[in-house]
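Worksheet: the structure to be examined is printed underneath.
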Amino acid sequence: MSTKIAALLLATPLLLFAQVKQDVEYKTKVWGYLVDEVTQQPVYNPKVTIIRAEDSSDTIRVQTVSGDYSGFPRSFIIFTITKPGEYIIECEADGYETAYITWSLTKLKKNESNITLDKPWYIRKARKKKDHQLGEVVVRATKVKFYTKGDTVVYNADAFELAEGSMLDALIKQLPGVELKEGGEITVQGRRVDELLLNGRDFLNSDRKVMLDNLPSYMVKNIKVFEKTDFMRELMGDTVHKNLAMDVRLKKEYSIGLIGNAEAGVGTDHRFLARLFGLRFTPNSSLTFFANANNLSDNREPGNQGDWSPLMQATGVNTHYEGGSKYQYTNTNVRYKGNIKMSHDDSKSRSYTNSENFLPSGNTFGRIFSNNNYHNTSFNTNHEIYKISKNYLGALEIRYMELSPYLDYNRFANNSDAGSATANSDIYASYGKAWRDSITVPNAGQLLRTYGLNRVVNSTEGNGHRFNVGTDWGFGLGIQHNTYLQLSVRGTVDYTDSENKLFDHYKLQYLQDNNTDFRNRYTLNDNTGFMNKVKVSTANLPCFNNMADITPIYTFTYKRQTQNRSLYLLNRLDAWGEQTTHELGELPSVDEMMQTLDNGNSYRQRQDDYIHNLRWQIRLITNRGNSDPKVAMQLNFFPEFRFEKNNLDYQRGNLDTLLHRSFAVFEPSISLRFWPGRSSEWPAPWQISLSYSNGVQAPDMTYLVDYRDDSNPLNIMLGNPHLKNTRTHNMGIKFERNMKKQRMFNTSIGSHIYEHRLAMGYT
């Protein structure tokens, strides 16, 4: 009897589970997309009707959305199905024939909440109808400068009066609420624009100045500003991250074409300018060539906001040459893009510095001057291959793959003459404009001998190179028919090699006792570095009726850095002292050089770092899901655990040591944001933000070595094995108010608290 009761008790839950399972209605959201049959371009704003083939009366609600899918523009057709079977999709669009598409699904999967189609649906352009001549009609209309369409602000380019020959930058400067800053940074209502697009594509966002300075304004139809959602992220469960995008839409007649722009000029004092720009573009591709040569040093322009400040002025005289090319090709599932650029700079600068040091024993006063010449030649190139795919490895599904190799090389040469003097009284006014001569003359004047503490005259000459090569890579991995079990794996492999040779004649004179320290030095720095980084994150895991989500992220980083410095005191050799006739940059024989090696200030070191990061991204937004609060709240809580292990092999003179350090830290951050929950306005009429973050910075491992570096007698470095990690607390509160007529008000208060902060002593 007891056995039967036990069997019944075990069977009852199974029967209940079977009944519940039978009653559960699975829902799957399908993401299809519509493209032109010939151009492969998205067809926007289609009218779509979907019915079940079995029952034509069973229509399905359809949502059409224009958006971005991992950098690929899409015209999405989104609908939810609750039953497997065959569906008929009717698509209509202006200028196209009506398309009837048959799509079927054999079975609904429990964990497959989203299905993203890897192949598009095609629609064919309608045949052109014969034109009929109509009578003349005169239409007079007022051009509206901007209007809102949903959550998008649209600026009508033809409504703005611009000078003939104006480029895109001149148009953007006139847009209400928009500010164009130096370097191509754009803000709208105070918020930075994350992406600058051309016809919906990331064309020159990484080098905005090229597009801003060379795209004629007459080609622009309108400019749209909106919050851009990446639907790949949305499918991964992330609906919080939204970039602010500015999309420059060209007039239809300029969607395929060739642009050329050339500029040249000469001026007084041998000034010159030459620019060349060429662009060939289609809806799917673009190819750009550009060249620039000038010796104007300053490429600033006064902005509409009066932001031409002295702090932004260029320093010195710079002659700049550059040339390069960029390309991009995109179809429905593959993107190729890259660039190559070469440049050369010749710079000359002079600087003069006055200083006062406040010390308990009495203030000291200083004067510094320097004349610098710098020459730099660089070459860099980077490329990207990105493919959306559905490749299967058994039950595993590879959903995307990307590879982004890069290479940078630059060679430099420089020389400078500098001098400085420090005194216990501000005597330099007595010299007037001749104070610089008082530092460099062989014999110091009476004032400098009386009140001066020291003076330094330094001439340097150097050359070297830096080489960097690597690649970023990544892929998305998932389980077939499962939306939630997804992994994003990204990584970086990077190698760096650099060499720097420095020659200097250094003369330090202590004026009170008339002692002189002269050094004829040659320093060779040789560094290499290697880094391998892997980052793994899952799809956002929704909870609390989709009002919250959790994303775990794990990152492992391995770095190896090798640094070698050899310091040679050539003044130890006869005929290489203060009265040397050897020119700066000359070297003695190898045997003689080895006699001058300063072992105490030469070193070799190799450091290996192993870093593990585990980060949880926990987000809660109260107006997601079915909620509709009067005041919406977004809570971001990002706890992060970091474990780091550092090994240092250090050799310096008679010092040969191994250092090991391991530590684990907890670095949380939290932020709260409030805004009107039922408001559809963008930006929100008001919002309040509160934030707190906590970070830990470990001191450089070399600072923990007990060493003395007196290669610069005025700046002696001593190691400290007792240094502790620096912990920083950041707190802030901000209020923003967005009013009508493009007016905005914001105020913020911030606080930073440091524990065990690293400081350098001065005596």
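Just remember that the numbering used here sits 2 ahead of the position in the sequence shown, which is counted from 1. All residues carry an ideal CB built from backbone N, CA and C; glycine is no exception. Fair warning: this is a prediction, and the values are worked out from it, not measured in the lab.
Proximity of residue i and residue j at Cβ, strictly below 8 Å
{"i": "Glu255", "j": "Asn294", "result": "no"}
{"i": "Thr424", "j": "Asn382", "result": "no"}
{"i": "Asn638", "j": "Ser673", "result": "yes"}
{"i": "Tyr453", "j": "Ile429", "result": "yes"}
{"i": "Leu252", "j": "Lys226", "result": "no"}
{"i": "Phe665", "j": "Asn615", "result": "no"}
{"i": "Pro122", "j": "Thr108", "result": "no"}
{"i": "Thr462", "j": "Asn417", "result": "yes"}
{"i": "Arg606", "j": "Asn566", "result": "yes"}
{"i": "Leu361", "j": "Ile387", "result": "no"}
{"i": "Trp99", "j": "Ala128", "result": "The question names Trp, but residue 99 in the sequence shown is Glu. Cβ distance < 8 Å, so Glu99 and Ala128 count as in contact."}
{"i": "Asp160", "j": "Lys145", "result": "yes"}
{"i": "Thr485", "j": "Met549", "result": "no"}
{"i": "Gly464", "j": "Phe520", "result": "no"}
{"i": "Thr61", "j": "Glu92", "result": "no"}
{"i": "Phe291", "j": "Val212", "result": "no"}
{"i": "Leu44", "j": "Tyr35", "result": "Looking at the sequence shown, residue 44 is not Leu but Pro. Against a cut-off of 8 Å, the Cβ pair of Tyr35 and Pro44 comes out as a contact."}
{"i": "Asn547", "j": "Ser500", "result": "no"}
Assigned secondary structure, residue i (DSSP; H/G/I helix, E/B strand, else coil)
{"i": "Met213", "result": "helix"}
{"i": "His758", "result": "coil"}
{"i": "Asn603", "result": "helix"}
{"i": "Asn465", "result": "strand"}
{"i": "Thr284", "result": "coil"}
{"i": "Ala634", "result": "strand"}
{"i": "Thr498", "result": "strand"}
{"i": "Met733", "result": "strand"}
{"i": "His584", "result": "coil"}
{"i": "Ser219", "result": "helix"}
{"i": "Leu313", "result": "Annotation note: pLDDT 45 at Leu313 (below 50); position unreliable, coordinate value reported separately. It is helical."}
{"i": "Glu184", "result": "helix"}
{"i": "Ala423", "result": "strand"}
{"i": "Asp428", "result": "coil"}
{"i": "Arg644", "result": "strand"}
{"i": "Lys254", "result": "helix"}
{"i": "Ala161", "result": "helix"}
{"i": "Arg129", "result": "coil"}
{"i": "Ser59", "result": "coil"}
Span separating the alpha-carbon of residue i from that of residue j
{"i": "Ala577", "j": "Thr583", "result": "7 Å"}
{"i": "Thr557", "j": "Glu585", "result": "52 Å"}
{"i": "Tyr756", "j": "Arg729", "result": "6 Å"}
{"i": "Gly280", "j": "Tyr220", "result": "17 Å"}
{"i": "Pro678", "j": "Lys230", "result": "21 Å"}
{"i": "Trp310", "j": "Ser299", "result": "Confidence is the limiting factor: at Trp310 the pLDDT is only 44, short of 50, which leaves the residue's position unreliable, though a coordinate-based value still follows. When rounded, the distance between both Cα atoms is 15 Å."}
{"i": "Arg468", "j": "Asn502", "result": "9 Å"}
{"i": "Asp419", "j": "Ser345", "result": "26 Å"}
{"i": "Gly259", "j": "Leu289", "result": "11 Å"}
{"i": "Pro631", "j": "Ser539", "result": "31 Å"}
{"i": "Ser353", "j": "Gly421", "result": "11 Å"}
{"i": "Lys343", "j": "Arg337", "result": "20 Å"}
Start and end residues, alpha helix (DSSP H) containing residue i
{"i": "Ala172", "result": "170-176"}
{"i": "Gln699", "result": "Unbroken run through Gln699 is the beta strand (DSSP E), 688-699; no alpha helix (DSSP H)."}
{"i": "Tyr453", "result": "448-453"}
{"i": "Met533", "result": "It is not in any alpha helix (DSSP H) - Met533 instead sits in the beta strand (DSSP E) that spans 517-540."}
{"i": "Lys592", "result": "Position check: residue 592 holds Val in this sequence, whereas Lys was assumed. First-last of the alpha helix (DSSP H) with Val592: 592-597."}
Cβ distance (whole Å) where residue i is taken to contact residue j below 8 Å
{"i": "Leu599", "j": "Arg523", "result": "About 11 Å; that fails the 8 Å criterion."}
{"i": "Ser106", "j": "Thr30", "result": "The Cβ separation is near 13 Å, so there is no contact."}
{"i": "Ile117", "j": "Trp33", "result": "7 Å"}
{"i": "Asn356", "j": "Arg369", "result": "6 Å"}
{"i": "Arg492", "j": "Lys537", "result": "5 Å"}
Host beta strand (DSSP E) of residue i (start-end)
{"i": "Gln330", "result": "319-332"}
{"i": "Met703", "result": "From DSSP, Met703 is part of no beta strand (DSSP E); its letter is neither H nor E."}
{"i": "Arg567", "result": "550-571"}
{"i": "Phe546", "result": "Looking at the DSSP string, Phe546 is not in any beta strand (DSSP E), and its letter there is neither H nor E."}
{"i": "Phe78", "result": "74-83"}
{"i": "Leu661", "result": "657-668"}
{"i": "Arg337", "result": "336-359"}
{"i": "Thr104", "result": "101-107"}
{"i": "Pro678", "result": "671-678"}
{"i": "Ala266", "result": "259-268"}
{"i": "Lys244", "result": "No beta strand (DSSP E) contains Lys244, which DSSP labels as neither H nor E."}
Residue-chain proximity (residue i, chain D), Cβ-Cβ < 8 Å
{"i": "Ile751", "result": "The question asks about chain D, but that chain is absent: this structure has only one protein chain."}
The ligand MG heavy atom lying under 7 Å from the CB of residue i
{"i": "Thr525", "result": "Only the bare structure without any ligand can be found here, which leaves the ligand MG out of the picture."}
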